[in-house]
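Peer 1: Can you keep this structure in mind? I'll have questions shortly.
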Amino acid sequence: MKMIKTFVLACLLLLSSMLTAQDLKFGHINMQELIMELPAKLEADTKLQAEAQILQDRMKVMSEEHEKKFRDYIAQRETMPELIRTTMEKEIQDIEQRLQNYQTMAQQTLQKKEQELYQPILEKVQQAVDNVGQEQGFIYIFDLSSQVVLYHSDKSVDCGPLVKAKLGL
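Its first residue numbered 0, the sequence shown is counted upward by one per residue in numbering that gives the first Met the number 0.
Shown next, in the form of structure tokens:
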């Protein structure tokens with residue numbers, strides 16, 4: 000712990016000496032707000048919702064099949080022979096297992112689709128931020144939506160409009 004404090008203090012001293020040697024330029028942006036404004040984000044949301052609806056509809060059909068089998072079993076279990084009762088119980092358990100497997104597969108499918116749809120958007124935005132940073136001579140551009148930045152002064156430049164211009168917004 001003491002070494003960490005010493006290291007942080009040394010970094011702060013080094014940073015303060017660098018600040019006096021040159022004028023550093025810092026910027027900030029709210030990436031979450033920026034991404035929410037992108038037409039590509041809205042399009043990706045629509046595609047993801049459509050995929051989720053397809054998976055949900057299939058899950059509903061499977062659930063209805065399970066409910067019907069279970070209701071039939073409950074209604075007839077007292078009067079059916081042991082062999083048929085155990086067969087129906089096995090069928091119900093199999094349907095329950097398929098439902099669980101399908102739910103897991105559906106979640107994985109949606110996560111993969113989300114990654115597939117949003118990754119190009121995030122890369123495009125990051126490239127625009129990188130370009131603005133290089134062109135405008137920023138040392139750092141902080142993301143205000145990540146809640147890592149505890150303070151930013153008025154001297155920090157809002158890079159949002161510059162990045163929006165790069166993205167054609």
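Even for Gly, the Cβ is constructed at its ideal location relative to N, Cα and C.
Every value quoted in this text rests on a predicted model; they were computed, and no experiment measured them.
Using the C-alpha atoms, what's the distance from E134 back to K165?
Peer 2: Rounded to the nearest angstrom, the two C-alpha atoms are 11 Å apart.
Peer 1: Does the count of Cβ pairs from the region 86-96 and the region 108-115 closer than 8 Å reach three?
Peer 2: Too few Cβ pairs lie closer than 8 Å, so no.
Peer 1: Please list the terminal residues of the continuous beta strand (DSSP E) segment that includes F137.
Peer 2: No beta strand (DSSP E) contains F137, which DSSP labels as neither H nor E.
Peer 1: With C-beta atoms as the reference, is C158 less than 7 Å away from I138?
Peer 2: Not a contact, by the Cβ cut-off of 7 Å.
Peer 1: Closest to L37 by CA distance: which of I120, N100, K24 and N29 is it?
Peer 2: The residue with the shortest Cα to Cα distance from L37 is I120.
Peer 1: Quick one: what's D157 bridged to in DSSP?
Peer 2: DSSP lists H27 as partners of D157.
Peer 1: Enumerate in chain order the residues of its own chain whose CB-to-CB distance from L161 is below 6 Å, with the five nearest sequence positions on each side excluded.
Peer 2: V131, listed in sequence order.
Peer 1: What is the C-beta distance between I91 and F69, in whole angstroms, given that I count them as a contact (C-beta under 8 Å)?
Peer 2: Contact holds; Cβ gap of about 6 Å.
Peer 1: Run the CB neighbour count on I28, radius 10 Å, all protein chains shown included, and call it buried at 16 or more, exposed below.
Peer 2: By the 10 Å Cβ count, I28 comes out buried.
Peer 1: To the nearest angstrom, report how far apart K163 and L98 are at their CA atoms.
Peer 2: Cα to Cα, the separation comes out at about 45 Å.
Peer 1: Look at the Cβ atom of S144, then the Cβ atom of M30, and state whether they are nearer than 7 Å.
Peer 2: Yes, they are a contact pair.
Peer 1: So the candidates are L23, L54 and L33; which of them puts its Cα closest to the Cα of A105?
Peer 2: Checked all of L23, L54 and L33; the closest Cα to A105 is L54.
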